[in-house]
Structure formats: structure tokens, C-alpha cells
Amino acid sequence: MWSGRQARFRPLACGVEELRRRRREREAALRKARREQHLVSKRLLREDAEGPCAAELLREVEVQQFLRLAQSGTDEKEREKALVSLRRGLQHPETQQTFIRLEGSVRTLVGLLTSNRALLQLEAARCLHELSHSEQSAVAEACLPATSYLLTYLSGHSSDFIELCLYTLGNLIVESEAVRKQLLPQGIVPALAACIQSPYVAVLEALGYVLSQLLQAKEAPEKIIPSILDSTLPQHMLRLMQPGPKLNLGVAVEFAWCLHYITCSQVNNAVLITHGALATLVLLLLDLAGTVQRVDDAGLELLACPVLRCLSNLLAEVPVESEGEEMQLRDERVMAALFILLQFFLQKQPSLLPEGLWLLNNLTANSPTFCTSLLSLDLLEPLLQLLPLSNVVCILVLTVLCNVAEKGPAYCQRLWPGPLLSCVLNTLTLSDTEVVGQSLELLQLLFLYQPEAIQDFLQQSGLQALEQHQEEAQLRDRIRALQQTAIHA
């Protein structure tokens with residue numbers, strides 16, 4: 001993270017290079033945590049007014065009777081009614097177990113799914129959808145024979161039926177590796193790439209759900225993401241995330257999370273950048289900042305979170321300054337937009353503050369331009385006001401300040417004097433070792449590049465603040481180094 005500037009101050013092997021190494025290790029751990037904390041869920045489309053608690057438990061003989069009537073009833077109305085009764089029974093977990101134990105039950109459903117009777121097809125698909133929502137992996141795997149047909153129907157004409165097939169596939173994917181293994185050679189990626197060109201919003205949202213379930217699979221980096229990156233899916237995802245009057249929030253949210261899972265994998269983020277991912281995400285960030293100033297909409301954070309994460313992940317790999325004139329021309333707008341969002345999160349969604357600060361960290365880490373923007377826009381005080389909120393927020397704010405201070409004497413002169421010292425001294429009263437350690441890093445950089453800061457530090461009882469932590473093993477050497485620097489300055 002640190003630039004390659006040669007350090008002139010290396011007390012007890014704790015100079016800039018050592019700080020750089022520590023922070024790289026900490027950020028690698030944070031990125032790993034972000035990859036592992038996935039949003040795994042299942043979704044249920046259900047037209048019935050009753051919830052799962054109203055589901056009727058069916059005995060084996062009743063399941064057999066409904067299957068028999070659905071397959072060979074006297075007329076289509078009777079057959080449809082039998083399937084409706086079966087579907088409602090399949091909302092009950094025990095009925096699901098009874099159903100999959102019956103020989104030929106799934107085969108009968110698949111037969112009805114592939115019949116030439118539209119109403120029977122729809123009800124059979126709804127039965128499979130109820131089964132796909134089961135929490136038992138055995139139930140999902142019992143539906144394997146239906147997956148190739150569900151894929152085929154994605155190229156159909158009924159948007160409602162396509163939506164139902166997509167959510168069913170998404171539920172099956174997340175539950176069973178066996179299902180994923182079967183769907184990949186069956187061509188799920190090309191099927192989704194064709195389906196993403198649908199004009200129907202509900203279909204696009206459902207497709208985003210399926211794709212996000214695929215991307216969260218443990219084998220995704222090796223077996224799924226490369227084929228997705230080789231397809232036309234990334235271009236279409238980014239197209240659907242372009243801000244403007246045609247942007248649909250629900251669709252954009254789904255694909256922003258998909259993009260997040262891809263960037264976390266670090267398989268080949270250069271492909272996304274080639275397709276314009278950074279430009280699209282920056283435009284979305286600016287649009288979100290403009291929107292929160294006009295509309296008090298709690299739903300906006302659903303999009304803001306993955307957008308911030310995607311930008312952070314891409315910038316962690318690609319130096320900001322190498323992104324060309326287009327990014328640099330927007331630097332002040334990006335910084336201003338990010339702080340507008342930080343203020344919005346502070347008031348409406350404090351849990352998202354770390355996401356915004358993580359992006360601010362990655363923007364300022366290797367970019368003197370963005371560090372200059374932060375200072376020239378007078379954003380230092382709003383940043384310092386976030387320090388007391390939580391230890392996580394405090395660490396990220398201090399990390400950003402370290403990024404600025406590391407850029408050298410000219411930047412440290414802008415940081416000091418001012419309210420910074422009293423804020424740093426306040427953080428030294430905390431018991432969290434990581435917070436204190438980050439404060440020590442900031443002080444070390446300030447002492448290195450702005451020696452005048454040492455006198456202010458001494459006058460405000462800085463040495464006494466350090467003494468409270470000198471018995472902590474993780475901090476002892478760094479505290480001793482700062483004490484020696486301050487005393488001998």
C-alpha cells in the first residue's frame with residue numbers, strides 16, 4: 001500500500017517499510033473476510049396468501065393420489081387442481097421428504113413440466129419451485145432431472161414462466177454442488193447470457209439472483225467465474241448498471257452484487273476494467289451521491305454497498321493514477337460524492353460507514369491527487385468527526401490519515417497544526433490495540449515529515465498518553481521508538 005518513498009527514519013526497525021508490510025497483511029485479511037461473508041439466501045415466488053405455517057401436511061397416500069390425478073385425470077381442470085393441492089402440500093418440509101421418497105414422483109413432475117398443456121406446465125414448475133426452496137440438500141438433488149428443462153425454458157416467451165424457472169434454478173444452485181456440476185455442462189452460462197437481453201425487469205432481477213448464487217459457490221473462482229468472464233454477461237451487467245432514466249434499482253442491485261463477487265475472486269479483474277467497470281461504478285457513485293441529496297430513500301444503501309465494495313476491490317489491484325485522464329479529471333467529484341455518502345450513512349445507515357471508508361482508503365493509498373482533493377475540499381474535519389463512532393471506523397479513518405501523511409512533508413504541513421493532534425491523543429486513551437497501533441503509525445509519519453509536530457505533542461502530554469500502553473507486547477517497540485524520537489527531537 002505504501003509508495004516506494006525511501007524512509008529517512010527507521011527507529012528499531014519500525015520505519016515506513018515495516019508499516020507498509022503490516023498494513024498489507026491487515027488489508028489482505030480484510031479482503032479475505034469480505035470474500036467469505038457472502039449473502040446466501042433462497043427466494044420464493046408464491047401467489048398464495050397463506051405463508052409456510054398454513055401448509056397442509058400430506059400423507060404418502062395423498063401425495064400418490066394427487067400425482068395420479070395430475071398425470072391421468074379425467075380433464076385438464078381436475079389435473080390442474082390436483083397439482084395445486086400438491087404444490088400447497090409441498091410447502092411443508094415433511095411432505096417434501098415424503099414426495100422425494102416416492103419412486104417416480106420427480107419423473108412425473110418432469111413429464112408434466114414438458115407437456116404441451118401450458119397450465120399444467122406452470123403448476124408443475126411451481127411444485128418444483130416449492131421443492132427448490134427446501135433447506136434439505138437431498139430435496140434439491142432430487143430435482144436434478146428437471147434442471148435441463150428449466151434451462152431450456154429460459155428461451156421461452158412467457159416472462160412469468162422464465163422468472164419462475166430462474167428463481168427455481170437459483171434456489172437449487174445454492175443448495176447443492178451436484179446441481180451446479182450438472183448445470184455447468186448443460187450450458188447455464190450461455191443460457192443466462194442469452195436471457196440477460198430480456199426486456200422484462202422481473203426476468204433481469206431473477207437472472208441476477210441466479211448469477212449471484214452461482215458466483216458464491218466455493219468452486220466459483222476455478223470453475224465458474226472464468227467462463228462468465230469469457231461470455232457477454234459482464235458487458236450486459238455493466239450496461240444495466242449505467243445510471244440514467246432507464247436504470248432500475250432492483251436490477252442494478254442484483255448485478256452490483258454479482259460484480260462484487262467477481263471482483264472479490266481476483267480471477268481476472270482486468271477484463272472488467274477493459275469493459276468499463278471503473279467508469280460505470282464511478283458514474284453510479286456520483287449518481288447515488290446526487291440522489292441522496294434529493295431523495296430520502298432507504299433503499300439506496302442496497303446499491304451503495306456493493307458499488308463501494310466493487311470500486312474498493314478494483315482499486316486495490318489497479319493504481320488509481322494509472323487509470324488515465326478520465327479518472328483523474330473526476331477526482332474532486334469522486335471525493336465530494338464519497339463524503340456526501342458518508343454523511344448519509346452517518347445519519348441513516350451507520351453500518352455502511354466502513355464500506356465508504358474502505359474505498360477512501362484505497363483511493364488515497366497510492367494517489368497524491370486524491371489526497372490533495374481531500375485536503376483542498378476541507379474534508380479533514382468531517383473525517384475526524386467519524387473517529388469516535390466505533391473501533392472499526394476509527395482504524396479506517398486513521399489509515400486514511402496515514403495515507404495522506406505518507407505522501408510527504410507538504411501533506412503533513414496541511415494536516416498540522418489543527419484539530420488532528422487532540423483527536424489522535426483521544427484515540428490513545430482507547431484500549432483497542434489495533435486502534436492505538438494505527439495512531440502510532442500516524443504519529444510516526446508526522447514526526448518524520450513534520451518535526452514541528454513533536455513539540456505540540458509534548459506540550460499536550462503526549463508522552464503520558466503513550467505510557468499507558470507501554471506494557472502491551474504488540475505496541476512496546478513502537479512506543480519506545482516514538483518516545484525516543486520525541487525526547488531527542
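Here full-length UniProt numbering is used: the first residue of the sequence shown is 1, the next is one more, and so on.
Positions of the beta carbon are idealized from the N, C-alpha and C atoms, including for glycine.
Given the structure is predicted, the values throughout are model-derived calculations rather than measurements.
Output the boundary residues of the alpha helix (DSSP H) element that contains residue i.
i           : result
THR232      : Unbroken run through THR232: none, as it is neither H nor E.
GLY208      : 201-215
ASP432      : Note, ASP432: premise wrong, no alpha helix (DSSP H); not H, not E.
PRO417      : Element bounds for PRO417: n/a, residue is neither H nor E.
GLN464      : 462-467
ASP456      : 452-459
residue 493 : The shown model of the chain, from 1 to 489, leaves out residue 493, and the question about it has no answer.
VAL110      : 105-113
VAL307      : 300-317
GLU94       : 93-101
ASP477      : 476-487
LYS42       : It is not in any alpha helix (DSSP H) - LYS42 carries neither H nor E in the DSSP assignment.
LYS407      : Taken as a continuous stretch (DSSP letters only), LYS407 belongs to no alpha helix (DSSP H), as it is neither H nor E.
Would you say residue i and residue j are within 8 angstroms of each other, going by their C-beta atoms?
i           : j      : result
LEU314      : THR263 : yes
LEU466      : ILE479 : yes
VAL201      : ASN171 : no
SER212      : THR168 : no
ALA193      : LEU144 : no
CYS310      : ALA270 : no
MET119      : GLU80  : The question names Met, but residue 119 in the sequence shown is Leu. Yes; because the gap between Cβ atoms is below 8 angstroms, this pair is in contact.
VAL110      : ALA142 : no
GLU332      : LEU377 : yes
VAL424      : LEU443 : yes
THR433      : GLU472 : yes
GLU60       : LEU128 : no
residue 549 : LEU166 : Since the displayed the chain opens at 1 and closes at 489, residue 549 lies outside it and no answer follows.
SER158      : PRO221 : no
LEU445      : VAL436 : no
residue 493 : THR108 : No answer is possible for residue 493: the residues shown for the chain start at 1 and end at 489.
GLU56       : ARG88  : yes
LEU387      : VAL404 : no
VAL393      : LEU383 : no
LEU238      : ALA277 : yes
SER439      : LEU421 : no
LEU353      : LEU389 : yes
HIS275      : PRO306 : no
SER134      : GLN96  : yes
LEU281      : GLU355 : no
VAL189      : SER231 : yes
Can you give me the C-alpha to C-alpha distance between residue i and residue j, rounded to a whole angstrom?
i           : j      : result
PRO234      : LEU283 : 17 angstroms
LEU357      : PHE339 : 9 angstroms
ALA70       : LEU302 : 42 angstroms
VAL203      : GLN91  : 24 angstroms
ALA365      : GLU317 : 11 angstroms
VAL334      : VAL63  : 60 angstroms
PHE345      : ALA124 : 45 angstroms
residue 554 : GLU441 : Limits of the chain in this structure are 1 at one end and 489 at the other, which puts residue 554 out of reach.
LYS218      : LEU113 : 31 angstroms
GLY187      : LYS246 : 30 angstroms
PRO350      : CYS402 : 23 angstroms
HIS236      : ILE162 : 18 angstroms
ARG31       : ASP287 : Residue confidence is low: ARG31 scores 43 on pLDDT, short of 50, so the model does not pin down where it sits. Its coordinate-derived value is still stated next. Each residue's Cα considered, the two are about 26 angstroms apart.
SER148      : THR372 : 56 angstroms
THR485      : LEU463 : 11 angstroms
GLN474      : ILE395 : 16 angstroms
residue 513 : LEU214 : Residue numbering for the chain in the displayed model covers 1 to 489; residue 513 lies beyond these limits and cannot be assessed.
ALA304      : LEU285 : 7 angstroms
CYS53       : SER227 : The predicted position of CYS53 is uncertain, since its pLDDT is 46 and thus under 50; a value taken from the coordinates is nonetheless stated next. In a straight line, the C-alpha of CYS53 is about 41 angstroms away from that of SER227.
ALA206      : GLY104 : 30 angstroms
TYR411      : SER137 : 57 angstroms
LEU150      : LEU360 : 43 angstroms
PRO93       : LEU154 : 28 angstroms
LEU341      : ARG117 : 52 angstroms
GLN460      : GLY290 : 41 angstroms
GLN293      : GLN385 : 20 angstroms
SER312      : LEU375 : 21 angstroms
GLN413      : GLN343 : 26 angstroms
residue 497 : ALA279 : It is not possible to answer for residue 497, since the shown part of the chain is limited to 1 through 489.
LYS223      : ILE196 : 21 angstroms
GLN242      : VAL400 : 29 angstroms
GLN483      : LEU458 : 10 angstroms
Taking CB distances under 8 angstroms as the criterion, tell me whether residue i reaches chain C.
i     : result
GLY73 : Protein chains in the displayed structure number just one, and chain C is not present.
Exercise for the section: Counting only runs of 4+ residues fully inside the stretch 219-287, write out the alpha helix (DSSP H) ranges in chain order. Expected result: Fully enclosed alpha helix (DSSP H) runs of 4 or longer: 225-230, 233-240, 249-265 and 269-274.
Exercise for the section: Within the stretch 336-398, note down every full alpha helix (DSSP H) run reaching 4 residues or more, in order along the chain. Expected result: 353-365, 368-376 and 380-384
Handout entry: Continuous alpha helix (DSSP H) assignments of at least 4 residues falling wholly in the stretch 122-209
Key = 137-142, 147-152, 159-175, 177-186 and 188-195
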